[in-house]
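Start counting the sequence shown at 1; every next residue gets the next number (the working numbering).
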Amino acid sequence: MDPLRPQDPLLPDGQAAGDSPADASAASFIPLPASDEELPRPWLRHYPGEVAPSLDYPDQSIAQFFLQAVNRFPNHTAVQFLGKTLTYRELHTDAVRLANGLISLGVATGDRVAIMLPNCPQAVAAYYGVLLAGGVVVQTNPLYVERELEHQLADSGAVAIITVDLLYARLSRVRGKQPETGPLPQLRHVIVTSIKDGLPFPKNILYPIKQRKEGFKADIPYGSLGIVAYKKLLAEKQGEIQLPELAKGADLAALQYTGGTTGTPKGVMLTHRNLVANTLQISAWCYRAEDGKERFLAALPLFHVFGLTVLMNMSVLRAGTLILLPRFETETVLQTINKEQPTIFPGAPTMYVALINHKAAAKTDLSSINVCISGSSALPLEVQEQFESLTGGRLIEGYGLTEASPVTHANPIWGKRKIGTIGVPVPDTEAAVIDPATGSMLPVGELGELVVRGPQVMQGYWNKPAETAKVLRDGWLYTGDLGTMDEEGYFTIMDRIKDVIIAGGFNIYPREVEEVLFEHPAVREAAVIGVKDAYRGETVKAFIVLKEGWQVSRAQLDRWCRERLAPFKVPHHYTFRDTLPKTMVGKVLRRKLQEEEEEEMKKAAAEDKGG
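Right, here's the structure in full:
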């Protein structure tokens, strides 16, 4: 067996994907083409006339878009945060001062600098400051526990980190009392800011008082252990520091760590060309967007690749205004839309679910929103229809992954879209569906693994050549997602290969069952996993979050599913919960549910043994 092929058979005995083992023999295999010319591209027929199938990608730093916005719109608001605004000129001043400060601390071209910040003006200034200093950005999730934080900082070799005072205690425990001999000796510098540094008067005065009332005390030993205050670093006279030349397209721009939902997080190497390309691809897709006029609602975290590209990079390319929210809170988002009138609102399905189910949604003016791009997980039809009815804007489903910067597919915003699909490949992006066992291309309608290639596809995993070789072959990125392509070139994702439930020899795709559950009027959220079953090997378990004020029994849900699904797909178990575990971008963590289920089974087995 080829060691580079996925080792997770979709059916017993390594048969190909389908509803039953008999489906495997029906497929006729086509070799995956080596050159672009050999690949059929039916999707190009459905491109809007305004979208070119191929674009020009300048050989430049992703920071060049920022500098262009500064030159063209210096007095335009770049960032808005809880009442405070920064113009492009002011944001540029902060970014250059930070870049000079990093260089004065000894940060050199190619050094990795971690940014562990929530959405705030400093997060934007830090991103461009690191790039202007010649550094490589390592976006770090503020929710990481110590083990995860230590792994990422050690793996990336970050020499400095920019963080917030609220997170310093956790970082200090990771570094140890003697940082130079601790687990992260290369992490020489810690630059600490506070949320108040990004707030307007008088909120910046009141915020520390609020912190003290809540029991937070910033016990930070500035001036020792390589710790420096963000504001002090920006305020220092930096003399004749010369910023390095801007990076070229082939240079590394970011190490974007995968979320760890499929194992130990890996550093995805994204070059400036990768980020430039994906930003231009998304911009071409949003062809009605106007430079200097768009307002981007940033409820997605900027440290996530979706927020990084579709919000920060895209907003700067269009010289737009980035309306920053430190976290997604339904009521705050509704109030912000009503007051600040954003025009573009990328998000995750769970965000739109929360908004349409909030009691204030119908009374809130959401009409400013023109475009919403939904990613991270499947977008249910009911959510799409209700959100579009509320806003009058367009909510489209797209698809991406960290390894592709992230966007590879999207439904046309103002063209032909197909509900339930991820749409078509964006410009200069090739896609195909292959048989996971043989690597051969499958015909239209056959289910297999989605593979993609294009200028946005990563260079590989940081310091992991073997892992890279598994997913990057001949320029193709093997996504690990199961999907189909129809005759018009629209793709549909069924599930991750590892999430497929195999019950009694039949393949069951969690997304299909979740869609049916979503259609029930009482169901707000649903997640489906496979659990061990003595007879079938695996069976289906559904986790349900009900809408406020609704009640439904397991028997009622069972009847609902039996009317809409083949018997072998109907859940055998239902669990009602108040919430589902999610990532910071709202993607439901099926793996976490699986772990919880396994823990419950271990406890039950131990109790049985003890009894």
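C-beta: ideal position from N, C-alpha, C; glycine also. Every value quoted in this text rests on a predicted model; they were computed, and no experiment measured them.
Assigned secondary structure, Ala-361 (DSSP; H/G/I helix, E/B strand, else coil): Counted from its first residue, the sequence shown places residue 361 at position 361. Helix, per DSSP.
Can you give the beta carbon distance from Ala-284 to Pro-427, rounded, assuming they're within the 8 Å contact cut? As a working note, residue 284 is residue 284 in the sequence shown. As a working note, residue 427 is residue 427 in the sequence shown. Indeed, because the Cβ distance is near 6 Å, the residues count as touching under 8 Å.
Between Lys-587 and the rest of its own chain, which residues show a CB-CB distance below 7 Å, the 5 nearest in sequence each way excluded? The residue you call residue 587 lines up with position 587 of the sequence shown. For Lys-587, where only same-chain residues beyond five positions count, the Cβ hits under 7 Å are Ala-348, Ser-376 and Ser-377.
Which same chain residues end up closer than 7 Å to Thr-109 when comparing Cβ atoms and leaving out the 5 residues on each side of it in sequence? Against the sequence shown, residue 109 aligns to sequence position 109. Around Thr-109: Gly-134 and Pro-244.
State the start and end residues of the unbroken alpha helix (DSSP H) segment that holds Gln-551. Against the sequence shown, residue 551 aligns to sequence position 551. That residue, Gln-551, is in no alpha helix (DSSP H); it is neither H nor E in DSSP.
Span separating the alpha-carbon of Pro-425 from that of Leu-86: Working through the sequence shown from its first residue, we reach residue 425 at position 425. Working through the sequence shown from its first residue, we reach residue 86 at position 86. One C-alpha to the other measures close to 36 Å.
When the Cβ atoms of the region 397–408 are set against those of the region 303–323, are three or more pairs found closer than 8 Å? yes
Out of curiosity, what's the CA-to-CA distance linking Arg-524 and Gly-249? Stepping through the sequence shown from its first residue, residue 524 is reached at position 524. Stepping through the sequence shown from its first residue, residue 249 is reached at position 249. So the two alpha carbons sit approximately 44 Å from each other.
Endpoints, the alpha helix (DSSP H) within which Gln-384 is located: On the sequence shown, residue 384 is found 384 positions in, with the first residue counted as 1. Taken as a continuous stretch (DSSP letters only), the alpha helix (DSSP H) holding Gln-384 covers 381–391.
Short Cβ contact (8 Å threshold) for Leu-565 with Val-516: The residue you call residue 565 lines up with position 565 of the sequence shown. The residue you call residue 516 lines up with position 516 of the sequence shown. It is a contact, given that the beta carbons lie within the stated cut-off.
Tell me, to the nearest whole angstrom, how far the beta carbon of Pro-48 is from that of Trp-414; I am working on the premise that it is less than 8 Å. Taking the sequence shown and counting its residues from 1, the one referred to as residue 48 is at position 48. Taking the sequence shown and counting its residues from 1, the one referred to as residue 414 is at position 414. Indeed, because the Cβ distance is near 6 Å, the residues count as touching under 8 Å.
Bridge partners of Lys-248, per DSSP? Reading the sequence shown from its first residue, position 248 is the one you call residue 248. DSSP output for Lys-248 lists no bridge partner at all.
Does the Cβ of Thr-495 have 16 or more other Cβ atoms within 10 Å, making it buried, or fewer, making it exposed? Counting from 1 along the sequence shown, the entry for residue 495 is found at position 495. Residue identity differs from the one stated: residue 495 is Asp in this sequence, not Thr. Under this definition Asp-495 is a buried residue.
From His-572 to Ile-544, what does the alpha carbon distance come to, in whole angstroms? Against the sequence shown, residue 572 aligns to sequence position 572. Against the sequence shown, residue 544 aligns to sequence position 544. Answer to the nearest angstrom: the Cα atoms are 13 Å apart.
Write down the C-beta distance between Pro-183 and Glu-150 rounded to the nearest angstrom, noting that I regard them as a contact closer than 8 Å. As a working note, residue 183 is residue 183 in the sequence shown. As a working note, residue 150 is residue 150 in the sequence shown. Right, the Cβ-Cβ distance comes to about 6 Å (below 8 Å), so this counts as a contact.
Put Thr-163 into one of helix, strand or coil per three-state DSSP. What you label residue 163 is simply residue 163 of the sequence shown in a count that begins at 1. Thr-163: strand per DSSP, three-state reduction.
Report all residues from its chain with a CB closer than 6 Å to the CB of Tyr-352; omit the five preceding and five following residues, and keep chain order. Taking the sequence shown and counting its residues from 1, one reaches residue 352 at position 352. Taken in chain order, the residues that qualify are Val-383 and Phe-387.
State buried or exposed for Thr-264, treating a residue as buried only when at least 16 other CB atoms are found within 10 Å of its CB. Taking the first residue of the sequence shown as 1, we reach residue 264 at position 264. By the neighbour-count rule (16 or more Cβ atoms within 10 Å), Thr-264 is not buried but exposed.
Cβ pair count under 8 Å reaching 3, the region 264–276 against the region 354–364: no
Counted within 10 angstroms of its Cβ, other Cβ atoms place Lys-569 as buried (16 or more) or exposed: Taking the first residue of the sequence shown as 1, we reach residue 569 at position 569. Classification of Lys-569: buried, given that the 10 Å Cβ count is 16 or more.
Tell whether a beta-carbon distance below 8 Å holds between Leu-355 and Thr-330. Reading the sequence shown from its first residue, position 355 is the one you call residue 355. Reading the sequence shown from its first residue, position 330 is the one you call residue 330. Going by C-beta atoms, Leu-355 is nearer than 8 Å to Thr-330.
At the level of alpha carbons, what is the spacing between Leu-131 and Val-138? The sequence position of residue 131 within the sequence shown is 131, counting from 1. The sequence position of residue 138 within the sequence shown is 138, counting from 1. Answer to the nearest angstrom: the Cα atoms are 11 Å apart.
Taking the straight line between their C-alpha atoms, what separation do you get for Val-310 and Lys-177? Position 310 of the sequence shown, counted from the start, is the residue given in the question as residue 310. Position 177 of the sequence shown, counted from the start, is the residue given in the question as residue 177. Cα to Cα, the separation comes out at about 39 Å.
Helix, strand or coil at Val-401 [DSSP, three-state]: For the purposes of this step, residue 401 is taken as the residue at position 401 of the sequence shown. For clarity, residue 401 is Leu in the given sequence; the question names Val instead. Reduced to three states, the DSSP call for Leu-401 is coil.
Uninterrupted alpha helix (DSSP H) stretches inside the region 186–217 (no shorter than 4 residues): 203–213
DSSP three-state label for Arg-72, please. Here residue 72 refers to the residue found at position 72 when the sequence shown is read from its first residue. Correct three-state label for Arg-72: helix.
In angstroms with no decimal places, state the Cα-to-Cα distance between Glu-38 and Leu-447. Walking along the sequence shown from the start, residue 38 turns up at place 38. Walking along the sequence shown from the start, residue 447 turns up at place 447. Their backbone Cα atoms lie some 21 Å apart in a straight line.
Endpoints, beta strand (DSSP E) assigned at Asp-486: The sequence position of residue 486 within the sequence shown is 486, counting from 1. Premise fails: Asp-486 is in no beta strand (DSSP E) and is neither H nor E.
Confirm, please, whether the CB-CB distance from Leu-32 to Met-485 is below 8 Å. Numbered from 1 along the sequence shown, position 485 holds the residue referred to as residue 485. Numbered from 1 along the sequence shown, position 32 holds the residue referred to as residue 32. No, the Cβ-Cβ distance between Met-485 and Leu-32 is not below 8 Å.
Report the rounded CA-to-CA distance for Arg-591 versus Leu-246, giving the unit in angstroms. By one-based count along the sequence shown, residue 591 stands at place 591. By one-based count along the sequence shown, residue 246 stands at place 246. About 41 Å.
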